[in-house]
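Have a look at the structure below, then the notes.
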Amino acid sequence: MHFANQVTKVLGLIIFLIYVLSHFFDLTKFVTGSVVVAGSLALIFQHIIRDYIMGLTYLFERQIHLGDYVIINGNRQGKIEEISMRYLKIRQYDGYLYTVSYSSITELQNGNRGKRRVNESLVLNYRQNPDRAFKVMEEVAQICNEKYGEYLLKDENGIPLESFKFNQITELNVDFRGHRYSISGLVNEADFVEAGKKVRYELAMAAYKSDLMMSESLSTIQ
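For any residue, its number in the working numbering is found by taking its place in the sequence shown, counting from 1, and adding 2.
Dropping the structure here:
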């Protein structure tokens with residue numbers, strides 16, 4: 003919608019300028035010159051134009067959505083955090099935000115087509131002993147598999163494609179408050195919301211029972 007609005011405004015402005023200038027110049031010569039200028043600009047900005055065309059293709063074909071987990075060109079993977087007409091922004095497991103233009107995408111694998119990956123996390127204080135946190139999170143993943151295995155996406159033999167698992171520390175020093183410990187699992191799309199609620203509950207209960215040190219606000223640290 004944003005792109006359509008911008009295109010409409012630009013086309014309207016161009017038509018208005020042509021109408022005004024037609025009163026002062028020979029319209030045939032003006033249009034011919036405009037075509038030459040437009041062709042030159044197209045050559046100069048061909049990469050940008052290609053980004054827009056590829057972006058329209060991805061969006062109209064609904065190949066990607068916000069929150070999808072994707073692998074780009076076989077070496078970049080993470081969660082899509084922003085979609086624009088020219089580029090994608092994905093949050094990698096190491097915490098870095100990676101920006102990739104559509105024209106540079108040669109291969110895109112989407113892990114969320116017809117299925118969803120629950121990815122919930124705790125941000126624990128940097129003073130928290132990681133060894134203890136790892137043990138608690140591993141137990142939470144095991145509990146989730148035992149209690150909520152029905153939500154997991156399974157193959158034709160009834161075997162989960164990706165069980166709930168602890169991904170260890172997925173981001174360091176989150177907003178200067180602590181480290182992120184996450185758990186993920188591949189679930190049926192229809193069960194995504196409910197499965198997320200259950201995993202969050204287990205994480206909260208584990209943090210309470212194990213007395214894990216949660217991250218502090220900046221005002222508290224100061």
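Ideal placement from N, C-alpha and C gives every residue a C-beta, glycine not left out.
Counting C-beta neighbours from all protein chains within 10 Å, is the total for residue i 16 or more, i.e. buried, or is it exposed?
{"i": "Leu99", "result": "exposed"}
{"i": "Thr108", "result": "exposed"}
{"i": "Gly57", "result": "buried"}
{"i": "Phe168", "result": "buried"}
{"i": "Ile237", "result": "Outside the shown range of the chain, which is 3 to 224, sits residue 237, and nothing can be said about it."}
{"i": "Asp53", "result": "buried"}
{"i": "Tyr71", "result": "buried"}
{"i": "Val22", "result": "exposed"}
{"i": "Val195", "result": "exposed"}
{"i": "Thr222", "result": "Unreliable placement is indicated for Thr222, whose pLDDT of 42 sits below 50; the coordinate value is still reported in the next sentence. Classification for Thr222: exposed."}
Suppose the cutoff is 7 Å on Cβ atoms and the five residues either side in sequence are ignored; what does the same chain contact list for residue i look like?
{"i": "Leu154", "result": "Pro162, Ser165, Gly187, Leu188 and Val189"}
{"i": "Arg93", "result": "Gly80, Lys81, Glu83 and Leu99"}
{"i": "Glu148", "result": "none"}
{"i": "Ser212", "result": "Val138"}
{"i": "Leu13", "result": "none"}
{"i": "Lys68", "result": "Here residue 68 turns out to be Leu, not Lys, going by the sequence shown. Within the same chain, Leu68 has close Cβ partners Ile82 and Ile85."}
{"i": "Gly76", "result": "Glu109"}
Spatial neighbours of residue i within its chain, please: C-beta separation below 6 Å, excluding the five flanking residues on both sides.
{"i": "Asp193", "result": "Tyr153"}
{"i": "Tyr104", "result": "Asp53, Met56 and Gly57"}
{"i": "Ala143", "result": "Phe166, Lys167, Phe168 and Ile185"}
Once you ignore the five residues that flank residue i on each side, which residues in its own chain have a CB closer than 8 Å to its CB?
{"i": "Gly151", "result": "Pro162 and Ser165"}
{"i": "Glu141", "result": "Ala208"}
{"i": "Thr172", "result": "Tyr95, Asp96, Gly97, Ser123, Arg182, Tyr183 and Ser184"}
Determine the closest residue to residue i out of the options, with distance taken between C-alpha atoms.
{"i": "His181", "options": "Ala143, Phe136, Val72 and Gln144", "result": "Phe136"}
{"i": "Lys2", "options": "Ile20, Val120 and Tyr21", "result": "Given a span of 3 to 224 for the chain in the structure shown, any question on residue 2 remains unanswerable."}
{"i": "Met216", "options": "Asn175, Thr101, Ile16 and Gln130", "result": "Gln130"}
{"i": "Lys1", "options": "Glu191, Leu61, Gln65 and Phe178", "result": "Because the chain is modelled from 3 through 224, residue 1 falls outside the range shown and cannot be assessed."}
{"i": "Met139", "options": "Gly69, Asn112, Ile17 and Gln170", "result": "Gln170"}
{"i": "Arg118", "options": "Ile16, Ser103, Ile85 and Ala197", "result": "Ala197"}
{"i": "Asp133", "options": "Glu158, Leu68, Leu214 and Ile55", "result": "Leu214"}
{"i": "Val102", "options": "Tyr128, Ile50 and Cys146", "result": "Ile50"}
{"i": "Ile55", "options": "Thr10, Tyr89, Val195 and Leu68", "result": "Tyr89"}
{"i": "Leu110", "options": "Gln144, Gln65, Ser86 and Ser212", "result": "Gln65"}
{"i": "Glu218", "options": "Leu61, Tyr210, Val195 and Asn175", "result": "Asn175"}
{"i": "Met87", "options": "Val201, Leu19, Thr59 and Gly69", "result": "Thr59"}
{"i": "Ile145", "options": "Asn159, Val201 and Lys91", "result": "Val201"}
Counting pairs of beta carbons, one from the stretch 120–127 and one from the stretch 203–217, are three or more of them closer than 8 Å? Judged by Cβ distances under 8 Å, the stretch 120–127 makes contact with the stretch 203–217, as three or more pairs qualify.
At which residue ranges does the stretch 91–146 contain complete beta strand (DSSP E) runs of 3 or more residues, listed in the order of the chain? With a minimum length of 3 residues, the continuous beta strand (DSSP E) runs that stay inside the stretch 91–146 are 99–103, 110–112 and 117–127.
Identify every run of the beta strand (DSSP E) within the stretch 150–218, keeping only runs that are complete inside it and at least 3 residues long; order them along the chain. For the stretch 150–218, whole beta strand (DSSP E) runs of length 3 or above, ordered along the chain, are 167–176 and 180–190.
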